[in-house]
Structure formats: C-alpha cells, structure tokens
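Participant: Okay, so the sequence shown: first residue is 4 according to my numbering, each after it adds one.
Heads up, the beta-carbon is just placed ideally off N, CA and C, and yes, glycines get one too.
Note that the structure is predicted; figures quoted are calculated from it, not measured.
Following this message is one structure expressed as structure tokens.
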Amino acid sequence: PPCEVTYGDLFSMQPFGNSLVVMSLTGAEIRELLEQQQRRGSDSPLMSPSEGLSYRWSRKAPAGQRAQDIRIQGQPLQDSATYRVTVNSFMAEGGDGYTVLQRGRQRLGGAQDLDAMLAQLRKGVADAGSPRITVIE
C-alpha cells in the first residue's frame, strides 16, 4: 500500500554518504562475492541483490558451495563472462569483508547512494515479483 517516506526515513537507511561504484566482475567473482556472505558468521544470505540476480542459498552445503543456481536475467551465471555490478563505495573497497569487490575492474563513480535511492523512489516502486533468494535447508 502507498505510504509516505520522508527524507529523514531515507537518511536513516543510508546515513554514510557513500557514492555508487559501477565495476566489472567475472561470474566466478560474483559467485565468490555471494559466498563471502557466509564468512561473516551467518548461515543466511545478507546481501540484497538487485533485480535480475537470483540464486538459491543452501545452509547445509559446505562453505564455498552455498550459493547455487545463480542466474543473471534468468540465465545461468557464466564463470568466465564479465558482468557490470553496482555497489556502494564502502563495499567497493572491501568493506564488511566483501574483499572480492576490490578486484573490480573498469570502475566508474556515480551518485551518492541516498540520492540514487531517492530518485528511484520518485520513479515508483515496482512489484517485487518472484523472490530473488530462495533459502533451502
């Protein structure tokens, strides 16, 4: 249902002043990035992937094999293919233990994350559609 969101609400979610960074990663690096979530001490996925990325997360699989059936735009992730990824500047420098992002190539800086979120909300929020992450036991 529609609701009112204030700038203060948005600032409370994005208070750090990070900018967006677009970079190139291989499919193998994206797989490694998803696996780095587990190293942070959780058996559940922590990242919120954008539309177009989906995967299954197996809590019982060995470390390094928990992210499964990874898909980009509905197509299986190709380890040798190159993909463009956008993250905030904190994560791009390996923040929160996502060190694979430090290897990102062809980097381009972008807007502040708060400004980008505000612009997206002004366009309207689309239906969430199907789940992006499916957790399996």
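1) Can you grab the Cα-Cα spacing for the pair Y86 / P18, in whole Å?
2) When the Cα atoms are used, what is the spatial distance from S92 to L111?
3) Tell me whether M26 is buried or exposed, calling it buried when 16 or more other Cβ atoms sit within 10 Å of its Cβ.
4) Within this structure, are the beta carbons of G107 and L28 separated by less than 8 Å?
5) In chain order, what residues of the same chain have a beta carbon less than 6 Å from the beta carbon of Q115, not counting five sequence neighbours either side?
6) Let me know the secondary structure DSSP gives A70 once reduced to three states.
7) Near Q138, which residues of its chain fall below 6 Å by C-beta distance, leaving aside the five closest residues on each side in sequence?
8) Around the Cβ of S57, are there at least 16 other Cβ atoms within 10 angstroms (buried) or fewer (exposed)?
Facilitator: The short version:
1) 28 Å
2) 11 Å
3) buried
4) yes
5) S22
6) strand
7) Note on residue identity: the sequence assigns Val, not Gln, to residue 138. Same-chain partners within the cutoff: W60.
8) buried
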